[in-house]
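Shown next, in structure tokens, is the structure this report addresses.
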Amino acid sequence: MNPRGRRPAAGPLTARRRRELAETYRRWEDKYAVSLRDIRVGRAEATRSLEVFLRNLGYR
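Numbers given in our numbering equal positions in the sequence shown, counted from 1, plus 33.
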């Protein structure tokens, strides 16, 4: 804040950095996004595998 208690105006550099940040987040989303359905399917498969494993050990 400046001495008058106001924030300085956002300049072109700030706007450019915001665009760069937004683009970075979009790239991360494209690269790492996983749907809730995919997570649930993976969880169900892991649960089935664990149940079989435990059954073979005599725990179930």
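Positions of the beta carbon are idealized from the N, C-alpha and C atoms, including for glycine.
Provide the residue span of the alpha helix (DSSP H) that contains residue i, from first to last.
{"i": "V74", "result": "L69 to N89"}
Using three-state DSSP, classify residue i as helix, strand or coil.
{"i": "Y92", "result": "coil"}
{"i": "R40", "result": "coil"}
{"i": "A66", "result": "coil"}
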